[in-house]
Structures are given as C-alpha cells and as structure tokens.
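Student:
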Amino acid sequence: AQSVTQLDSHVSVSEGTPVLLRCNYSSSYSPSLFWYVQHPNKGLQLLLKYTSAATLVKGINGFEAEFKKSETSFHLTKPSAHMSDAAEYFCVVRRYGGSQGNLIFGKGTKLSVKP
Amino acid sequence: DARVTQTPRHKVTEMGQEVTMRCQPILGHNTVFWYRQTMMQGLELLAYFRNRAPLDDSGMPKDRFSAEMPDATLATLKIQPSEPRDSAVYFCASGKPGTGFSGANVLTFGAGSRLTVL
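Going line by line, the protein sequences match chains A and B. According to this note's numbering, the residues represented by the first sequence are 228 to 342, in order. According to this note's numbering, the residues represented by the second sequence are 464 to 581, in order.
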C-alpha cells in the first residue's frame, strides 16, 4: 500500500529565510509524487511533480523538491520565504495502478510566514 | 486563465435535506474528479469520470451520495439525505486527455464548495 506522511502539521518561518516542508512516502513501486498548495479559501494548485525523471524537481514560485529513494523522502524547499507563500501544502502520491486522479494526499503542512 | 467553477461556494442546510453541488470543468478536459476535504480525513477521492462515464466511485457512500455528468460542461454531486458528518469542503477537479501517468496528470481544482449540515 502507498502512503505519504507529512512530518510537520505546522511550520513557521520568517520572511527571507529558507523553507523546508518534510514528506516521507511509502511505496512498493517507483512512486509518482506531487506537491500541491492550497491558499485560504482556494482550490489546490500543483507546485511540482516527480515522475521518475530527474530527482531534483523544480516547481513554480521558486519551490523545488528532491526525490531521495534511500530516505524515502520528497521534501519541499525554497531558499527564501515570501509572505505570499503562507498556505497549506500537501504531499501527494499517486495510487499505483489507479486512475489518473486517484491521488493519496498527506494531511497537509500549514506554512506561516512572519514579517 | 481557464478555471474549474464550483457552485455553491457555501451551503448551510439542515439534516435530511438534499444538497446538490455543481462543477463546470475546463473546456476540453475529459476527466472530472470529486474530492472531499475534512479536518479528520484530509482529502479523499469520492468519484471520477472520464468522457462523462463514471469510472471510479468507490470512495463515495452509495446510499446517500450520487455523482453524474449530464453533459461535458456539468458535473453534479448530490447528497440525499444529508447528515452532519457530510460537513466538509467538496472539491471538483478536471484534467486534460492524456495517456498514462507520464502525461499531464495535472488536475486543476475548483475553489471548493463548503457544506455545513446542521
């Protein structure tokens, strides 16, 4: 069975400092992994996806994530936080053999950015 | 920007009432998904359509929930009768035609319908 675990429910950083949102996955197969972001009262937006190409994946808004098979991790990082990054972030794995949208979402990490 | 439109954005109703949520997918997208988001369970897939045909509704309580796509521009999710435990945010998402996972698999989500059942 596949799953994702977001290790922190809430992360708080100061504007201009690095962001690290942690995600571990469990999968018997080569996983397909995503990060989605949800701003308050908005739908989810894809930040980036990993589909067994390059292990370092660059996304929108300066975010990137590195797939580390040895650590079963797919942490999301950004060198310098901006106030507009405050949102909830979801690490997602596609259910193996499942339909296109059969995604398994983590519980989410709320990112707060202090001025 | 093309977007997925959901109505209503907010709905408060009493237990036992029928609730219908609507979704207009992006023109040209052939897949539509309904997700439910709660604090306890997070995001769960309820139903999935491709080319208007229901392909997967295993996540949906069949006794009270139903999902349909009367045409390519409208997807509906109905709850009858509604219960307090149905209170959640319901998201619709649509996706482009694609072959296999290496394709887009990028879903565009609507802003959600927040349902409160008293």
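Think of the CB as a built atom: it goes at the ideal place given N, C-alpha and C, for glycine as much as any other residue. Note that the structure is predicted; figures quoted are calculated from it, not measured.
(1) For the candidate residues B:498, B:479, B:478, whose alpha-carbon lies nearest to that of residue 485 of chain B?
(2) Assess contact between the region 257-266 of chain A and the region 311-320 of chain A, defined as three or more Cβ pairs (one per stretch) separated by less than 8 angstroms. Is contact present?
(3) Can you tell which of A:309, A:321, A:329 has its C-alpha closest to the C-alpha of residue 240 of chain A?
(4) Quick test of your reading: residue 334 of chain A and residue 230 of chain A, contact by CB under 8 angstroms. State the CB separation rounded to the nearest angstrom.
(5) If you draw a straight line from the alpha carbon of residue 572 of chain B to that of residue 531 of chain B, how long is it in whole angstroms?
(6) Distance check for residue 489 of chain B and residue 284 of chain A, CA to CA, integer angstroms please.
(7) Tell me the rounded alpha-carbon separation between residue 467 of chain B and residue 558 of chain B.
(8) Who does residue 232 of chain A pair with in a DSSP beta bridge?
(9) Hey, is the region 239-259 of chain A in contact with the region 295-307 of chain A, meaning 3+ C-beta pairs nearer than 8 angstroms?
(10) Would you mind sorting residue 523 of chain B into buried or exposed? The rule is 16 or more other CB atoms within 10 Å of its CB.
(11) Let's test the definition: count the other Cβ atoms within 10 Å of the Cβ of residue 576 of chain B and tell me whether it reaches 16, buried, or not, exposed.
(12) Can you check which of these residues, B:470, B:478, B:515, B:473, is closest to residue 580 of chain B by C-alpha distance?
(13) Going straight from the alpha carbon of residue 501 of chain B to that of residue 509 of chain B, what length do you get?
(14) Taking 7 angstroms as the cut-off, does the CB of residue 500 of chain B come closer than this to any heavy atom belonging to the ligand HEM?
Tutor: Result, derived from the coordinates:
(1) On the second sequence, position 22 is the one that residue 485 of chain B refers to. Looking only at B:498, B:479, B:478, the smallest Cα-Cα distance to residue 485 of chain B is reached by B:498.
(2) yes
(3) For the purposes of this step, residue 240 of chain A is taken as the residue at position 13 of the first sequence. Among A:309, A:321, A:329, the Cα nearest to that of residue 240 of chain A belongs to A:309.
(4) For the purposes of this step, residue 334 of chain A is taken as the residue at position 107 of the first sequence. For the purposes of this step, residue 230 of chain A is taken as the residue at position 3 of the first sequence. About 11 angstroms; that fails the 8 angstroms criterion.
(5) As a working note, residue 572 of chain B is residue 109 in the second sequence. As a working note, residue 531 of chain B is residue 68 in the second sequence. Here the alpha carbon of residue 572 of chain B sits roughly 18 angstroms from the alpha carbon of residue 531 of chain B.
(6) Here residue 284 of chain A corresponds to residue number 57 of the first sequence, with the count starting at 1. Here residue 489 of chain B corresponds to residue number 26 of the second sequence, with the count starting at 1. Answer to the nearest angstrom: the Cα atoms are 27 angstroms apart.
(7) Reading the second sequence from its first residue, position 4 is the one you call residue 467 of chain B. Reading the second sequence from its first residue, position 95 is the one you call residue 558 of chain B. Taking the Cα positions, residue 467 of chain B is about 10 angstroms away from residue 558 of chain B.
(8) Numbered from 1 along the first sequence, position 5 holds the residue referred to as residue 232 of chain A. DSSP lists A:251 as partners of residue 232 of chain A.
(9) Judged by Cβ distances under 8 angstroms, the region 239-259 of chain A makes contact with the region 295-307 of chain A, as three or more pairs qualify.
(10) To locate residue 523 of chain B, count along the second sequence from 1; it is residue 60. Per the 10 Å Cβ criterion, buried.
(11) Within the second sequence, numbered from 1, the residue matching residue 576 of chain B stands at position 113. Looking at its Cβ environment, which holds 16 or more other Cβ atoms inside 10 Å, residue 576 of chain B is buried.
(12) In the second sequence, counting from the first residue as 1, residue 580 of chain B sits at position 117. Among B:470, B:478, B:515, B:473, the Cα nearest to that of residue 580 of chain B is on B:478.
(13) In the second sequence, counting from the first residue as 1, residue 501 of chain B sits at position 38. In the second sequence, counting from the first residue as 1, residue 509 of chain B sits at position 46. Each residue's alpha carbon lies about 13 angstroms from the other.
(14) Absence of the ligand HEM is noted for the structure shown, with no ligands found whatsoever.
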